[in-house]
Amino acid sequence: MSQQPEAGTEHKNADTGKASPSVGTPPAKGTETKPSGAGAASQPSPKKAASTDRKIDVDYIKQNLKMNMSQDEVKNLLGSTYTEVTNAMEGNKMWRYDIGTKQGYNYQGEMDSIDMDGLTNGSVTIQLFVDWSEEKTVNHYSFLYLKDGKIYEYRVFKDGQVKESIVQG
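Taking numbering that gives the first Met the number 0, I'd label the letters of the sequence shown as residues 0 to 168.
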């Protein structure tokens with residue numbers, strides 16, 4: 000199934016106008032920071048992927064996305080359709096994958112904000128955030144998804160620790 004989300008930048012949820020929660024790493028997990036350089040006038044374009052026939056779902060991500068994977072390995076695994084966003088807590092660049100989107104889905108979020116309304120109403124099935132080390136390998140990642148009317152977060156920390164929790168429901 001090919002997923003081609005459109006994305007741009009904005010700090011608020013497009014449906015409600017309210018600020019969306021951030022998925023940045025807690026300060027205690029400190030990683031290298033890089034200046035974002037994102038100006039209000041410039042909006043990042045999503046990178047376009049070659050279509051893929053594999054189904055990317057929660058289990059696929061849990062089983063295949065690994066710490067220290069290179070950016071090319073992540074592109075091979077998940078495709079090249081991501082939006083570069085800024086980690087709100089640390090200022091470095093992250094990739095946001097909007098997976099399982101409905102036709103016309105367009106979430107605006109420059110920072111690592113979550114489209115809670117989109118997840119709740121099924122406009123997007125998974126929002127995945129990948130944070131990169133200075134060496135351009137997976138430093139940590141998290142994703143949110145809807146299951147049984149609840150929004151779950153699955154997070155893999157820099158040290159490899161895994162935490163899954165309900166964030167809304």
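Backbone N, C-alpha and C fix where the C-beta goes; we use that ideal spot for every residue, glycine too.
Note that the structure is a prediction, hence the values are computed from the model and not measured.
CA-CA distance, Val-123 and Asp-97?
6 Å
Please report the Cβ distance between Ile-165 and Tyr-144, rounded to the nearest whole angstrom; I am assuming they are in contact, meaning their Cβ atoms lie under 8 Å.
Contact doesn't hold; Cβ gap of about 11 Å is too wide.
Let me check one thing: in DSSP terms, what residues is Ile-55 bridge-paired to?
BP columns for Ile-55 are empty, so no partner.
Of the choices Lys-162, Glu-109 and Thr-100, whose alpha-carbon is the least far from that of Trp-186?
The structure shown does not extend to residue 186, since the chain is modelled only from 0 to 168, so the question has no answer here.
Going by DSSP in three states, Met-68 sits in which element: helix, strand or coil?
coil
Could you have a look at Ser-41 and say whether DSSP puts it in helix, strand or coil?
Its pLDDT being 34, under 50, Ser-41 is placed unreliably in this model, and the value from its coordinates should be taken loosely. Note: Ser-41 maps to coil in three-state DSSP.
Would you report the Cα separation of Asp-116 and Glu-83, rounded to the nearest angstrom?
If I take the Cα positions, the gap works out to 21 Å.
DSSP on Gln-62, reduced to helix/strand/coil?
helix
Leaving out five residues on either side along the sequence, give the residues of the same chain with a beta carbon under 6 Å from the beta carbon of Met-68.
The residues are Val-137.
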